[in-house]
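Structure, as structure tokens:
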Amino acid sequence: MATGMKYLIRTPEDKEYGPVDLDTLVQWAQSGRIPPRSQIRNTLMSNWSDAKDAGFLKDIMPTEEVKDTKGAKSKWATFVKEDQKLPSAVGTKALHASGRFLYTPANTGLRFGAWLFDIVIVGAVMFLIFLGGAAAAERTGDADQAFLVTTAAMVFVGLIYYVFTMGFTAQTLGQRFWGIMIIRADGEPVFLARTFLFTILYYIFFWSTIIFTFVIPSKRAIHDMLSGIRVVRIAVRD
């Protein structure tokens with residue numbers, strides 16, 4: 018995996034791609050894969066800026082945006098359904114155009130890295146909740162009640178973190194850091210109801226991730242298959 022600064026790209030249609038390294042970003046710009054009105058930011062900052070104003074892209078960004086002529090067919094479904102039969106991109110060179118990206122299953126290492134990243138974040142919040150529960154138990158003398166409230170709060174935090182990050186952005190913070198995301202099995206974007214189901218099943222079948230991603234070619238764990246989700250990374254076509 019490439020090291021160094023990572024960048025995110027947001028197209029005029031408000032679709033986000035990345036994170037990718039600087040070399041990949043420049044290659045996309047040179048090939049016309051980044052629409053002129055796109056915005057970029059590095060993963061360490063929250064502010065977006067116009068891609069055409071970036072010093073390293075200013076001289077290579079296209080001056081006119083090519084229109085997408087693919088029609089009303091879902092771009093997400095096109096990514097998955099057509100990537101195996103298109104030898105190269107057809108038509109527009111926009112970043113969101115079909116054939117420019119190939120979704121490939123996220124391997125065990127990427128999924129483990131994302132899981133570890135998320136565990137640190139969620140674990141830190143849960144530890145603070147635990148400390149609060151311990152203090153409440155000592156203050157009130159009702160250890161059983163404090164235990165129930167603390168446990169409920171921890172479960173709630175875990176659900177909220179995974180359901181909302183994946184439901185709204187298709188990535189947890191750990192998945193974003195490692196460049197992977199979730200999509201529906203048919204290539205469409207996921208929403209809150211499906212990510213809620215995925216999260217519940219994940220807590221039950223998390224152990225299957227390592228085993229199944231090693232054994233099954235599709236690299237889908239039990240909770241992936243039951244919830245109709247794929248965990249993928251994006252490979253840029255040469």
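Under our numbering, think of the first position of the sequence shown as 18, with each following residue one higher. We put the beta carbon where it would ideally sit given N, CA and C, even for glycine. Since the structure is predicted, the reported quantities are computational estimates derived from the model, not experimental observations.
Neighbour-count burial assignment, residue i, 16 or more Cβ in a 10 Å radius
{"i": "Pro234", "result": "exposed"}
{"i": "Ile197", "result": "buried"}
{"i": "Val97", "result": "At Val97 the pLDDT is 44, less than 50, meaning the model places this residue with poor confidence; the figure from the coordinates comes in the next sentence. Per the 10 Å Cβ criterion, buried."}
{"i": "Ala187", "result": "buried"}
{"i": "Asp161", "result": "exposed"}
{"i": "Thr6", "result": "As shown, the chain starts at 18 and ends at 255. That puts residue 6 outside it, with no answer to give."}
Test item: CB-CB of residue i and residue j under 7 Å
{"i": "Ile51", "j": "Ala71", "result": "no"}
{"i": "Gly245", "j": "Ala210", "result": "no"}
{"i": "Ala163", "j": "Gly150", "result": "yes"}
{"i": "Thr230", "j": "Thr125", "result": "yes"}
Close beta carbons around residue i, own chain, < 8 Å, minus the five adjacent residues each side
{"i": "Val166", "result": "Gly150, Ala153"}
{"i": "Met171", "result": "Met143, Ile146, Phe147"}
{"i": "Ile26", "result": "Glu33, Tyr34, Gly35, Val37, Leu42, Trp45, Ile51, Ser55, Gln56, Ile57, Ala68, Leu112"}
{"i": "Val174", "result": "Val139, Val142, Met143, Ile146"}
Close beta carbons around residue i, own chain, < 7 Å, minus the five adjacent residues each side
{"i": "Leu176", "result": "Thr216"}
{"i": "Ser66", "result": "Gln56, Ile57, Arg58"}
Chain-order list of residues whose beta-carbon lies under 6 Å from that of residue i (same chain, five-residue window excluded)
{"i": "Leu74", "result": "Ala46, Ala68"}
{"i": "Ile239", "result": "Phe222, Ser225"}
{"i": "Gly191", "result": "Ala131, Phe134, Asp135"}
{"i": "Pro29", "result": "Pro52, Arg54"}
{"i": "Ile228", "result": "none"}
Residues bridged to residue i [DSSP beta-bridge criterion]
{"i": "Ile51", "result": "Looking at the DSSP assignment, Ile51 forms no beta bridge with any residue, so it has no partner."}
{"i": "Val249", "result": "Pro122, Met198"}
{"i": "Asn59", "result": "Tyr24"}
{"i": "Arg67", "result": "Sequence check: residue 67 is Asp here, not Arg. DSSP output for Asp67 lists Gln56 as bridge partner(s)."}
{"i": "Tyr34", "result": "Ile26"}
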